[in-house]
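According to this note's numbering, the sequence shown is numbered sequentially starting from 1. We treat Cβ as the ideally placed atom computed from N, Cα and C, and that holds for glycine. These numbers come from a predicted model, not from an experiment.
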Amino acid sequence: MLDHVIKGATVVDGTGAPARTADVGMRDGRIAVVAPGITEPFLTSEDATGLVLAPGFVDPHTHYDAQLFWDPYATPSLNHGVTTVVGGNCGFTLAPLHPDRPGDADYTRRMMSKVEGMSLVALEEGVPWNWHGFGEYLDALEGRIAVNAGFMVGHCALRRYVMGEDAVGGRPSGEQLDAMLGLLHDAMDAGAWGLSTTQSSTHSDGDGRPVASRHAEPAELLALSKAVGEHEGTQIEAIVAGCLDQFSDAEIDLLVEMSAAAGRPLNWNVLTVDAAVPERVPRQLLASERARKAGGRIVALTMPILTPMNMSLGTFCALNLIPGWGPILGLPVPERIAKLRDPDVRAEMLRRAASKEAGVFRRLADFGRYVIGDTYSEANRGLTGRVVRDIAAERGQDPFACLVEICADDELRTVLWPMPPDNDPASWALRAQTWQHEDVLLGGSDAGAHLDRMCGAPYTTRFLGDCLRGRKLVPLEQAVRMLTDDPARLFGLRERGRVQEGFHADLVLFDPERIAAGTATLVHDLPGDSPRLDSKALGVHAVWVNGVEAIRDDTVTGAVPGRVLRSGRDTRTVSTR
């Protein structure tokens with residue numbers, strides 16, 4: 001007896017094979033039958049004529065580590081067909097926590113709030129913080145989530161546990177490094193997928209200091225990487241400063257050595273593709289070429305959509321990361337407004353924003369292309385939705401001076417939406433070419449982080465809609481494979497990522513004529529009434545996780561059939577040798 005049968009669907013199975021019409025039957029959480037006509041008895045069924053049935057999507061880079069406690073559905077990712085999420089990225093995890101230092105939880109909350117843009121109130125009120133070891137953290141999620149979730153263990157947490165406050169600025173002694181390695185082994189024994197770490201200059205803690213892993217020297221990183229290779233089904237995820245623009249030679253050497261030492265794939269986030277900077281993609285993929293020669297593998301994550309991210313002169317955002325801007329945007333609001341209104345200060349800010357040292361943040365320096373979002377003063381009535389260059393022309397101002405005056409009238413609360421500079425045909429053609437590289441993987445949503453700034457979670461449905469009815473850069477079968485089987489194979493997921501008999505029944509049923517993502521809108525549904533951006537899934541009829549319906553018509557069913565996916569048990573080793 002089958003539990004449920006989906007009849008007459010257009011099955012796109014995730015392998016890249018041509019779509020075919022078939023019935024798909026589920027039993028005990030698995031795909032039991034894929035056939036043109038199922039005759040076996042079933043409990044329930046539905047007609048899927050004209051609809052596409054695909055494997056559930058796998059998001060390789062999220063920060064749902066905290067959100068899953070107050071939102072077991074990982075919205076909006078699950079709504080958009082994502083059935084498996086990878087968390088614990090960028091060196092940041094909520095465990096382990098030292099049992100003798102309860103203040104470490106507060107440090108972690110403030111760090112996550114600063115570096116990943118999570119609501120501090122939500123972290124305080126929505127997470128139990130009742131664990132010490134990494135295994136206890138995983139156990140706290142077991143049986144209460146609607147998506148499948150696997151987690152790396154963060155280097156910053158390992159350092160903090162062993163070194164305390166000395167983790168920031170300090171170097172571990174031999175005994176401390178051994179203790180870190182022991183913690184990492186314990187975490188992987190409990191099911192951690194491997195190690196994540198950051199050396200990025202953009203990552204600072206709640207006190208504004210470089211996060212703990214940024215103080216690690218190569219010997220420490222290589223020792224930890226070697227430990228990763230001693231466990232079944234593990235990986236490395238690493239961020240360095242060059243991820244934002246172009247790697248230095250030293251960064252390439254480090255990433256190659258880490259992957260080779262582990263004998264495991266290393267992925268990094270995120271490859272920005274822009275035809276105006278044609279040298280970037282070859283430079284970044286040089287790391288992958290060198291890794292393969294050295295016995296490693298380095299995989300670049302890249303997004304197949306342009307994810308809007310809002311900005312503000314009033315709160316911490318990417319503008320603060322432009323060289324020279326942080327000290328000005330960190331001033332008290334009245335002093336900040338006075339500085340911003342100074343023409344000499346603005347001229348220097350613009351010079352720094354356009355400089356080579358600004359790297360990828362140069363993309364933010366064309367202030368005429370900003371769109372005004374929410375405003376808060378009578379002086380700005382009617383400006384929402386307008387482009388700054390048009391307002392500046394009417395006022396006889398240069399765009400940055402105009403933007404500053406608009407924001408000053410709102411006491412810097414104005415929401416700003418920069419239009420991406422790389423939305424041109426040449427950049428899209430370069431993306432389509434880059435996606436074909438064997439060491440490029442779609443992903444990098446950052447779902448669960450920067451909640452009021454960006455909404456990357458819907459990249460799956462937006463990409464499919466673009467492939468079917470927009471630019472049509474890749475055929476549907478290939479697009480589905482890139483969202484399902486490709487990430488499943490990179491992470492060694494056992495029996496996931498395909499519509500295949502015997503595989504776990506992670507499935508998404510959608511209308512190819514409607515599949516898309518709605519406009520991101522601000523909602524206040526986090527603990528403490530904190531805001532986040534949400535996006536409706538369009539054309540998604542249903543999502544099943546382990547054979548249980550979790551979404552129907554963009555609404556959660558209340559079921560929590562997801563599993564904590566543990567290394568070794570749920571992942572197999574993807575060796576680089």
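Item: Cβ contact check for the stretch 510 to 519 and the stretch 459 to 469: 3 or more pairs under 8 Å; Value: yes
Item: Ala-550 and Ala-146 closer than 7 Å at C-beta; Value: yes
Item: With 16 other Cβ atoms within 10 Å as the buried cut-off, status of Thr-446; Value: What sits at residue 446 in the sequence shown is Asp, not Thr. It counts as buried.
Item: Nearest neighbour of Arg-290, chosen from Thr-302, Leu-313, Met-258 [CA to CA]; Value: Met-258
Item: Alpha-carbon to alpha-carbon, Glu-124 and Trp-428; Value: 41 Å
Item: CA-to-CA distance, Ala-408 to Leu-383, given in whole angstroms; Value: 14 Å
Item: Leu-522 and Leu-533 closer than 7 Å at C-beta; Value: yes
Item: Contacts around Val-299, its chain only, beta-carbon distance under 8 Å, and the 5 residues preceding and following it disregarded; Value: Pro-265, Leu-266, Asn-267, Trp-268, Ser-288, Asp-439, Val-440, Leu-441, Leu-490
Item: Span of the alpha helix (DSSP H) around Phe-463; Value: 459 to 469
Item: Minimum C-alpha distance to Arg-214 - residue among Glu-230, Ala-32, Leu-51, Leu-158; Value: Leu-158
Item: Coil, strand or helix - His-215 by DSSP; Value: helix
Item: Continuous alpha helix (DSSP H) assignments of at least 4 residues falling wholly in the stretch 84 to 136; Value: 103 to 115, 120 to 126
Item: Classification of Gly-25 by the beta-carbon crowding that lies within 10 angstroms, buried from 16 upward; Value: buried
Item: Entirely enclosed alpha helix (DSSP H) segments - the stretch 247 to 279, minimum 4 residues; Value: 249 to 262
Item: Through-space distance from Gly-117 to Ala-449, alpha-carbon basis; Value: 6 Å
Item: Same chain, Cβ closer than 7 Å to Leu-468, neighbours up to 5 away in sequence not counted; Value: Leu-476, Pro-512, Ile-515
Item: Proximity below 7 Å, CB of Phe-134 to CB of Ala-105; Value: no
Item: Closest Cα partner of Asp-23 within the set Asp-178, Gly-169, Gly-50, Gly-16; Value: Gly-50
Item: Beta-carbon proximity check, Met-152 vs Gly-88, cutoff 7 Å; Value: yes
Item: Ile-236 and Ala-262 closer than 7 Å at C-beta; Value: yes
Item: Touch test, the stretch 65 to 76 against the stretch 172 to 189, Cβ-Cβ under 8 Å, three pairs minimum; Value: no
Item: Residue environment, Val-12, which counts as buried when at least 16 other CB atoms sit within 10 Å; Value: buried
Item: Completely contained beta strand (DSSP E) runs for the stretch 496 to 547, where each covers 3 or more residues; Value: 507 to 510, 521 to 523, 532 to 534, 540 to 545
Item: Beta-bridge partners of Arg-20, as assigned by DSSP; Value: Val-11
Item: Integer Cβ distance of Ser-119 from Ser-530, believed to fall under 8 Å; Value: 4 Å
Item: Status (buried if at least 16 other CB within 10 Å, exposed otherwise) for Arg-453; Value: buried
Item: Buried/exposed call for Asp-274, threshold 16 Cβ in 10 Å; Value: buried
Item: Buried or exposed by the 16-neighbour rule on C-beta atoms within 10 Å, applied to His-524; Value: exposed
Item: Between the CA atoms of Asp-553 and Gly-528 - distance to the nearest angstrom; Value: 28 Å
Item: Selected residue, minimal CA-CA separation from Glu-378, among Ala-479, Thr-414, Phe-361; Value: Thr-414
Item: Where the beta strand (DSSP E) containing Ile-305 begins and where it ends; Value: Where Ile-305 is concerned, there is no enclosing beta strand (DSSP E), given that its DSSP letter is neither H nor E.
Item: Contacting residues, own chain, Cβ-Cβ under 6 Å from Ala-187 (five flanking each side not counted); Value: Phe-134, Val-153
Item: Bounding residues of the beta strand (DSSP E) (the contiguous stretch that carries Tyr-370); Value: 370 to 372
Item: Status (buried if at least 16 other CB within 10 Å, exposed otherwise) for Leu-43; Value: exposed
Item: Length of the line joining the Cα atoms of Val-270 and Arg-363; Value: 15 Å
Item: Continuous beta strand (DSSP E) assignments of at least 3 residues falling wholly in the stretch 345 to 410; Value: 370 to 372
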